[in-house]
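There are 4 protein chains.
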Amino acid sequence: MAPRTHRRKKVAASDYQAVLEGIAARVREQPNRGKVATYIPALARIPKTKFAMVVKCVDGREAAVGDADELFSMQSLSKVFTLVMALRQAGAGLWHRVGREPSGNRFNSLVQLEYEQGVPRNPFINAGAHVITDCIVSHDAAGKQSILNEVRRLSGNAAIQFDLEVARSEREHGHLNAAIAHFLKAHGKLRSDVDEVLDAYFHQCSIALSCRDLARAGSFLANGGIDVTTKDRITTARRAKRINALMMTCGLYDAVGSFAFRVGIPAKSGVGGGILGIIPGLLTVAVWSPGLDANGNSDAGVRALELFTTKIGRSVF
Amino acid sequence: MAPRTHRRKKVAASDYQAVLEGIAARVREQPNRGKVATYIPALARIPKTKFAMVVKCVDGREAAVGDADELFSMQSLSKVFTLVMALRQAGAGLWHRVGREPSGNRFNSLVQLEYEQGVPRNPFINAGAHVITDCIVSHDAAGKQSILNEVRRLSGNAAIQFDLEVARSEREHGHLNAAIAHFLKAHGKLRSDVDEVLDAYFHQCSIALSCRDLARAGSFLANGGIDVTTKDRITTARRAKRINALMMTCGLYDAVGSFAFRVGIPAKSGVGGGILGIIPGLLTVAVWSPGLDANGNSDAGVRALELFTTKIGRSVF
Amino acid sequence: MAPRTHRRKKVAASDYQAVLEGIAARVREQPNRGKVATYIPALARIPKTKFAMVVKCVDGREAAVGDADELFSMQSLSKVFTLVMALRQAGAGLWHRVGREPSGNRFNSLVQLEYEQGVPRNPFINAGAHVITDCIVSHDAAGKQSILNEVRRLSGNAAIQFDLEVARSEREHGHLNAAIAHFLKAHGKLRSDVDEVLDAYFHQCSIALSCRDLARAGSFLANGGIDVTTKDRITTARRAKRINALMMTCGLYDAVGSFAFRVGIPAKSGVGGGILGIIPGLLTVAVWSPGLDANGNSDAGVRALELFTTKIGRSVF
Amino acid sequence: MAPRTHRRKKVAASDYQAVLEGIAARVREQPNRGKVATYIPALARIPKTKFAMVVKCVDGREAAVGDADELFSMQSLSKVFTLVMALRQAGAGLWHRVGREPSGNRFNSLVQLEYEQGVPRNPFINAGAHVITDCIVSHDAAGKQSILNEVRRLSGNAAIQFDLEVARSEREHGHLNAAIAHFLKAHGKLRSDVDEVLDAYFHQCSIALSCRDLARAGSFLANGGIDVTTKDRITTARRAKRINALMMTCGLYDAVGSFAFRVGIPAKSGVGGGILGIIPGLLTVAVWSPGLDANGNSDAGVRALELFTTKIGRSVF
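Going down the list, the sequences are from chains A, B, C and D.
Add 7 to the 1-based position in the first sequence for the numbering used here, that's all there is to it.
Add 7 to the 1-based position in the second sequence for the numbering used here, that's all there is to it.
Add 7 to the 1-based position in the third sequence for the numbering used here, that's all there is to it.
Add 7 to the 1-based position in the fourth sequence for the numbering used here, that's all there is to it.
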């Protein structure tokens, strides 16, 4: 049996550029772009008109439109990268501590966690992310700094920083996350102190990066685990596939089904308005628009990705 | 932008045959094959040693091992085909009556249905399937006979029949389905009589077909909506993709996440022990082994599919 | 230790009459009286202005105001009397089939039933009442006729009948009850056929009696298990107390706490607008006003009972 | 209408003494006394053989058996006294912040709290107690000291203290309470800081008092709001009745129904093994035995109270 090969006709970089420009034009015509997250002031003041979209191909080519180099808050997008780190540290044993099933509930629900005795459904709901972060801070004394370093390495941008105002504000308004973390601790599911886990979690969420950084940082997921730029192996080919599978079934909060239905690619979103999408073997596509839909996903971002997979005629289905 | 093309090297039919034979040998070595469904006698008496696997490529080639022509009960696999029919009759308006999100709960749970006022999460949980069946019997006086005819047409096997003993037995033991249907009716979500919907539903579940029939019947889903054998257009290319997306996020009861993780392709299972998997643009793969795992999916079937995507080096991720 | 004695000063019958007349005057001034149940036409057409209140003392005296001899639909009030019958037939073993705890959920919720594997929380939610009715029809071939006979005997009114229009209408609109009964059957919690249980249940709910009938029928609960008029022992003193305890903790749907808080006596309500209250050792008080509050309890009825316990300075607390 | 009068034959103090001694003898014969709470070391080391029972009549007489002057941890019993304080401070407006209905769920469940947007079902589940404690610490700068002073005043024992080891241990192991408090704060239901509320809560739980102290401290609830010893009015007669009603419907965790059924009086329990029961107009009865049943109520304590109401032939039903 032949190994998987990708011998489709190369699409010229200029073509992706044209696709992105067409999408940006369509998005500009669309007045309604959801609501910016308001739970912390630092997010609430981002203009809804911001929009960026960047494609990073596995052959290294890149296309970009809009505010592609403007910084935004990573938020839940960080969960993809902490998962990769935790799998590197803990191996498949990690799956004893967190499940791999869609939750069917809001990302920050405590109900399911209670019915299931403190084992989070998957690494992308908040409870699961706390377990992942606990895994990292328990294995690695550098903790949150290591998370920042990983994002810097993957994006190739050493200037990426925590946004300390965001981190502080997350903590002040983070009572729901504190509730979840204390609940996990009560069920013996966290090894480190609750405060340490929350501190690392709020810092990873606060990482400020650009849409271009994001597209580059995710490139290994489209490329069998190998960073497109540096050729570093970030994770095994099998794990890269499996993380894509998790993004497909659990990556968009309570809208994974309709996103798969409309867009058809693995993706992960954050309440900062960013979404990272993967077409395995072909490219990563990052989009940023801070207005969110009712499910907490970037409203214009989801539409832009739907236009993208429709225009290029490619999805995983 | 180029349309999607599939110019991978043709894999010889004999190669798939060899892959399937290797898998069958591995399955034979495995003593534990889950538990046969026992809720009705007609299913409980099927020997657990039965095993079949059939590949149907989009170029028409076919490979098969084991009890590939032995009949088994379609059960929930019928939900894929009734969904195609209902979309043909009702169009996208169908999505006002049933959602497209994974449930995060057991396939026959009433809890979620109650919290969400009678709108089933997706067409593949039982409540959703009742809405789909209601749609068909409301549009089409022939009702259950039309469902049978569709399965006959898609499999190219006019000899396929309802198993009337199974249908009768499903009804006798079908109090949970009756509870769900009455609950939907109480919430105004069924147009036809409860008894008529249940009768059609129990009959569609009772359809007896072979693993070969199943692989052929699903071929349009791997082939952009066009039946591989007859070249009939069964559904639009867009709907075929979207049904694949639904299978990916909702097709394996409460194990969609781990199936995507391990196997990585859209699939739908039934408690008769059948699973239909799709590699878009390439092939359908059907497997049958009546022993079920704790989630109600064919135990050996899931393992066989995992071996299959691993050996051929192809998944959607 | 002395046995319980009731040597309080006798309150003259004329005093209760004056209390009731004062309450009726207050109720007449109150324009808002909730909403009449509309789920079946026979209930929806009852004028909201109807009001009756009857006191039956353990010494035999009686006081009444308003439409005290007009018939109304017993509905869930029947659950008190079927419970007495089922305890007589099945003894304390009945408590293996139904719990004794408040549900904390709406009276017809399926959620809790699912989480608790088909054992209803108490005999006064619909699921519990189906188990009780199943117990009766399983023990007694006369089934629903025996229930009618019991209500006739306890009220001393042989003219009491099923309202067959109501019974038919309950069945036609009874899909939620059918869902509950099928769910119980699916979990092996009903011995008789679902249809037989539902038929008896819908008939017991349809029994048409007057407020005076109701006050008399419940007199044994205030009188240590002995019918005040006939001196027949209806149940043991211990069971009478225990049924009062169940009414206190489970008798008013999702408002038991606030009813205990405001009124302070054991009581059971029905969606026909009737409420039966007990002051152990002293009297029963029945009230009827068809307009319901948000919890499904008679709006004016609850207020009338609150005035009553306040004016006579007696509650169980 | 005559005011409520209590002209039952006076029961001699010696009679209650005999009743209690009979019960103590029965309890001593019973080898199985449940399991001592183990979630903190200070509770886990209490011998299960401890037993005390004290009756305090509204006429001032007292009867006691067993370890009636040994100190134990008040735990949830404190919730009765903080409720009285909060009602004094906030009046009926308190009921906008906390409900009065039984929860139908475990005392520390977060599920219901989530479904009901952070309004606790009643003041006796942990979430409700946090709201009550928040009310006290928001109104009263002395906070936890005021709670201690109230318990001292009501029991007439100025030597009562916080058990600081217990308070510290509660905090260390109090992650579930921390989860609940952060959840309430996230929903805007706490006015004070989470840490301040938790600190006061853990201290109130740690108060160490004797069974005799407890019987005396609750005497006002049996006596229309007036302390039996000091004749101080602690609360209005109406509030005393209403607190009794709340104890009846919400005072014994998830066993209120069966306790009402078996024992038939308003009561409140704590995981330290204490139970306070009220027979309005007659007496308070306190019992202590540290072994708990599956619901978290004192195992021997519940049985002792059942024997007590049976032997004296008095309950509220």
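A virtual CB, placed ideally from N, CA and C, is assigned to each residue, including glycine.
Being a predicted model, the structure only gives us computed values, none of them experimental.
So what does residue i bridge to, in DSSP terms?
i	result
GLN119(A)	Per DSSP, none; premise fails for GLN119(A).
LEU216(D)	PHE79(D)
ALA97(C)	According to DSSP, ALA97(C) bridges with nothing at all.
ALA71(A)	VAL61(A)
GLN168(A)	ALA215(A)
LYS151(D)	According to DSSP, which records beta bridges pairwise, LYS151(D) is partnered with nothing at all.
VAL126(B)	VAL126(B) is not bridged to any residue.
SER305(D)	LEU299(D)
LYS42(D)	LEU299(D)
I need the DSSP call for residue i, collapsed to helix, strand or coil.
i	result
ALA252(D)	helix
GLN24(A)	helix
ARG198(D)	coil
THR242(B)	coil
THR56(C)	coil
GLU36(C)	helix
ARG11(B)	Residue confidence is low: ARG11(B) scores 42 on pLDDT, short of 50, so the model does not pin down where it sits. Its coordinate-derived value is still stated next. Note: ARG11(B) maps to coil in three-state DSSP.
ILE233(A)	strand
LEU314(D)	helix
VAL91(A)	helix
ILE47(B)	coil
VAL204(A)	helix
ARG104(B)	coil
GLY29(A)	helix
VAL270(A)	coil
ASP66(D)	coil
GLY258(D)	coil
GLY163(B)	coil
By Cβ distance, which residues of its chain are closer than 7 Å to residue i, with the 5 residues on each side in sequence left out?
i	result
ALA262(A)	ASN302 and ASN304
VAL367(A)	Not covered by the structure: residue 367(A). The range shown for chain A is 8 to 324.
ILE319(D)	VAL26
ASP76(C)	SER217 and ARG219
THR243(D)	GLY232
GLU313(A)	ARG269 and VAL270
PHE324(B)	GLY271
LYS63(D)	GLU69, ALA222, ARG223, SER226, VAL235, LEU290 and THR291
In terms of residue numbering, what span does the alpha helix (DSSP H) encompassing residue i cover?
i	result
VAL173(C)	171-179
VAL138(C)	133-146
GLY111(A)	Note, GLY111(A): premise wrong, no alpha helix (DSSP H); not H, not E.
ALA229(C)	226-229
SER322(D)	Note, SER322(D): premise wrong, no alpha helix (DSSP H); not H, not E.
LEU183(D)	182-193
Can you find the residues in the same chain that come closer than 8 Å, C-beta to C-beta, to residue i, ignoring five residues on each side of it along the sequence?
i	result
ALA207(C)	THR140, ILE143, VAL144, GLY150, LYS151 and ILE154
GLN37(B)	ALA307 and ARG310
Between which two residues does the beta strand (DSSP E) carrying residue i extend?
i	result
GLY281(D)	281-286
SER276(A)	274-276
ALA293(D)	290-295
Going by beta carbon distance, what residues of the same chain come within less than 6 Å of residue i, once the five residues before and after it are set aside?
i	result
GLY279(A)	PHE79, SER80 and GLN82
VAL61(D)	ALA71, ALA75, CYS218, ARG219, ALA222 and ALA293
SER213(A)	PHE169, ASP170, VAL173 and ALA174
ILE53(C)	VAL43 and PRO297
Flag residue i as yes if its beta-carbon sits less than 8 Å from any beta-carbon of chain E, otherwise no.
i	result
GLN119(B)	The chain labelled as chain E is not found among the protein chains of the depicted structure, namely A, B, C and D.
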